[in-house]
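A.B. asks:
Here it is, written out as structure tokens:
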């Protein structure tokens, strides 16, 4: 009884579209079919074949993998470093540091894009000015095929490490002080204690953050959408971004099949992560 | 104490890396176009001006976008508080057929990429005639699987004895839920409310495709269109726009940060 309003909304706006999307991916639905939904025809796996053979889609898949493979570990390392720093080192003003590190997470990506485009701009940019002080002539970050992707990765790490940091902090606080004291008595250095005592105890937390960060990064969309529109020369186009472009062209059937391919990859990667990190 | 100074140094360096872009945005919003293009760039505004804000509020329609963002975010937040606590309660404390199936379904949708539901949702909303309307902006977000999960976890931690005590006292099922259980979940409701408000405030892809005329734009949509349209080179205006988008979030977040970080630690989700 209590559940009824939710179930209606939920089915209508979440579960329904998931199935609708699956159905649509096997049809030739285009924008003009919106008014005549019964004129669409089933095309079997044609959309999937078309997507997989599409040069740009492959490029997008490669870029997404590039982003995930570099971005996830960097984000987790930054997050863990910040969490350890706050938990074991910084006692005074700890709450303020935590809030500050978390700020980018709650900031609108559109606003962040405005700031970062300016930070990364080739001549009057903050980054190249700072590099200039130490004699480095910084490139045109977002305009370069080589540097556009690393720029977006750096931006994503900057924007997202705060949320993993909070989870690591909760995990660290769950480790009793006595564990470290025992290590200290045995003469282990700070690094040894971290590597052989803290990290193994944090394993469930690391699994969790790597799964959630991985799911998020596989859907990599907002950064290229607001910063580069996928350019230059498709060097930052992602699967989600390309899917959205196909949606924009009105190729709804093709777009949903691409989205489902991404869904399958996400499910498989998540499953593998669980298997790899859960053992022992 | 000798050991700790360099730890603080690293902490402060991290702080600079996080805060410098924000600071630059605020300072930049008070600079003239000429100064923003100067090489090397200036840090503090040389001749501070409020012309960017003037343009934003008097020439562009930012007060309207601000109102739209606030309205949508408030209704979405209210909806989530009501519906997510109802379903969370049902999933945690009531016995009914299909309860487990429903919970699995909720958890499964947490993993579905946004792009999967995006196209059919757009078709659905458009066919229902809700494109470019407030209901079209609001309805798809009134309940979130995340909120349901958060509330369920919290209700699970409350003892069943409370419900039995209520029944002994003759309270109806609805009374038990509304008068006894909900007041106890205030911390979870605070977390959910703030996260939902922030999420709705920052949401931009959906309003970008649904809001088609200027009077329905939310702030992020307006800023996104400004930064790609004919104002793309008007950096001062964009910086000021970014400040208007970011500052309310900063104020709310700093005021309620305890609830936000607690909620993330409970559920492990952003």
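Chains as they are written, first to last, in the UniProt record's numbering: chain Y, 1 to 280; chain B, 1 to 270.
Cβ coordinates follow ideal geometry from the N, Cα and C atoms, glycine included.
These figures come from a predicted structure and were not determined experimentally.
1) Note down, one range per segment and in chain order, each alpha helix (DSSP H) of at least 4 residues found wholly within the stretch 194–219 of chain Y.
2) Could you tell me the distance, in whole angstroms, from the CA atom of residue 276(Y) to the CA atom of residue 174(Y)?
3) Just how far apart, CA to CA, sit residue 49(B) and residue 238(B)?
4) Taking Cβ-Cβ distances below 8 Å as the criterion, which residues of the stretch 183–204 of chain B are in contact with chain Y?
5) Does the beta-carbon of residue 141(Y) have 16 or more other beta-carbons within 10 angstroms, so that it is buried, or is it exposed?
6) Residue 227(B) versus chain Y: which residues are under 9 Å apart at the beta carbon?
7) In this structure, does DSSP put residue 42(Y) in helix, strand or coil?
8) I'd like to know whether the C-beta of residue 240(Y) is nearer than 7 Å to at least one C-beta of chain B.
9) Can you list the residues of chain Y that residue 130(B) reaches, using a CB-CB cut of under 9 Å?
10) Going by other Cβ atoms of all chains shown within 10 Å of its Cβ, with 16 needed for buried, is residue 59(B) buried or exposed?
11) Could you please give the first and the last residue of the uninterrupted alpha helix (DSSP H) stretch that includes residue 159(Y)?
12) What are the residues that DSSP puts in a beta bridge with residue 27(Y)?
13) Taking residue 81(Y) as the reference, which of 92(B), 7(B), 79(B) and 37(B) has the closest Cα?
14) Which full runs of the alpha helix (DSSP H) of 4+ residues lie inside the stretch 225–257 of chain B, going along the chain?
15) When the Cα of residue 258(B) is compared with those of 258(Y), 218(Y) and 94(Y), which residue comes out closest?
16) Between residue 88(B) and residue 155(B), is the Cβ-Cβ spacing less than 7 Å?
17) Using only the alpha-carbon positions, how far apart do residue 29(Y) and residue 250(Y) sit?
18) Name the chain B residues whose beta carbon is nearer than 9 Å to that of residue 65(Y)?
19) Compare the C-beta of residue 71(Y) with all C-beta atoms of chain B and state if any pair is closer than 7 Å.
20) Which residues mark the beginning and the end of the alpha helix (DSSP H) in which residue 152(B) is found?
21) Is DSSP giving residue 73(Y) helix, strand or coil here?
22) In the DSSP assignment, the alpha helix (DSSP H) including residue 212(B) goes from what residue to what residue?
23) Take residue 203(Y) as the anchor and find which of 167(Y), 221(Y) and 222(Y) has the nearest alpha-carbon.
24) Given that residue 90(Y) touches chain B, what residues does it touch there, using C-beta distances under 7 Å?
25) Report, in whole angstroms, the separation of the C-beta atoms of residue 79(Y) and residue 161(Y), which I expect to be a contact under 8 Å.
26) Is the beta carbon of residue 221(Y) sitting closer than 7 Å to the one on residue 240(Y)?
27) Starting from the C-beta of residue 214(B), find all residues in its chain whose C-beta is less than 7 Å away, skip the five residues before and the five after it, and write them out in chain order.
28) Once you ignore the five residues that flank residue 179(Y) on each side, which residues in its own chain have a CB closer than 6 Å to its CB?
29) Along the chain, where does the alpha helix (DSSP H) containing residue 10(B) start, and where does it finish?
30) Whole angstroms is fine: what's the gap from residue 82(B)'s alpha carbon to residue 109(B)'s?
31) Note down, in chain order, each residue of its chain lying with its Cβ closer than 7 Å to the Cβ of residue 236(Y), except the 5 sequence neighbours on either side.
32) In chain B, what lies closer than 8 Å to residue 219(Y) by C-beta?
33) Cβ of residue 150(B) within 7 Å of Cβ of residue 184(B)?
34) Which residue's Cα is closest to the Cα of residue 96(Y): 177(B), 143(B) and 19(B)?
C.D. replies: Let's see:
1) The qualifying runs are 203–218.
2) Residue 276(Y) and residue 174(Y) have their C-alpha atoms roughly 23 Å apart.
3) Rounded to whole angstroms, residue 49(B) and residue 238(B) show a C-alpha spacing of 14 Å.
4) Flagged, chain order: 198, 201, 202 and 204.
5) With 16 or more other Cβ atoms inside 10 Å of its own Cβ, residue 141(Y) counts as buried.
6) Here the neighbours are 110, 113, 114, 117 and 226.
7) In this structure, residue 42(Y) counts as strand in the three-state DSSP scheme.
8) Contacts with chain B at 7 Å (Cβ-Cβ) include residue 240(Y).
9) Residues of chain Y passing the Cβ test: none, with the nearest at roughly 11 Å.
10) By the neighbour-count definition (other C-beta atoms within 10 Å, threshold 16), residue 59(B) is an exposed residue.
11) Boundaries of the alpha helix (DSSP H) harbouring residue 159(Y): 148–173, taken from the DSSP string.
12) DSSP lists 42(Y) as partners of residue 27(Y).
13) Considering only 92(B), 7(B), 79(B) and 37(B), the residue with the shortest C-alpha distance to residue 81(Y) is 7(B).
14) Runs of the alpha helix (DSSP H) inside the stretch 225–257 of chain B: none found.
15) Nearest in C-alpha terms to residue 258(B), of all of 258(Y), 218(Y) and 94(Y), is 94(Y).
16) The answer is yes: Cβ separation under 7 Å.
17) Straight across, the Cα-Cα distance linking residue 29(Y) with residue 250(Y) is about 9 Å.
18) Per Cβ cutoff of 9 Å: no residues; residue 65(Y) is ~15 Å from chain B at best.
19) So, not an interface residue.
20) It spans 145–156 - the alpha helix (DSSP H) in which residue 152(B) sits, taken as one unbroken run.
21) The answer is helix: DSSP assigns residue 73(Y) an H, G or I state.
22) Premise fails: residue 212(B) is in no alpha helix (DSSP H) and is neither H nor E.
23) Per the C-alpha coordinates, the member of 167(Y), 221(Y) and 222(Y) positioned closest to residue 203(Y) is 167(Y).
24) 7, 8 and 11, listed in chain order.
25) The beta carbons of residue 79(Y) and residue 161(Y) sit about 4 Å from each other, so the pair counts as a contact at 8 Å.
26) A contact, by the Cβ cut-off of 7 Å.
27) Here residue 214(B) has 61 as same chain residues with Cβ atoms under 7 Å from its own Cβ, once five neighbours each way along the sequence are excluded.
28) Within the same chain, 197 come within 6 Å of residue 179(Y) by CB-CB distance, once the 5 residues on both sides are set aside.
29) For residue 10(B), the enclosing alpha helix (DSSP H) has its first and last residue at 5–28.
30) One C-alpha to the other measures close to 20 Å.
31) Same-chain partners within the cutoff: 63, 148, 149, 152, 224, 228 and 230.
32) In chain order: 113, 114 and 115.
33) Contact check for residue 150(B) against residue 184(B) fails: the beta carbons are separated by 7 Å or more.
34) Distance check between residue 96(Y) and each of 177(B), 143(B) and 19(B) places 19(B) closest, using alpha-carbon atoms only.
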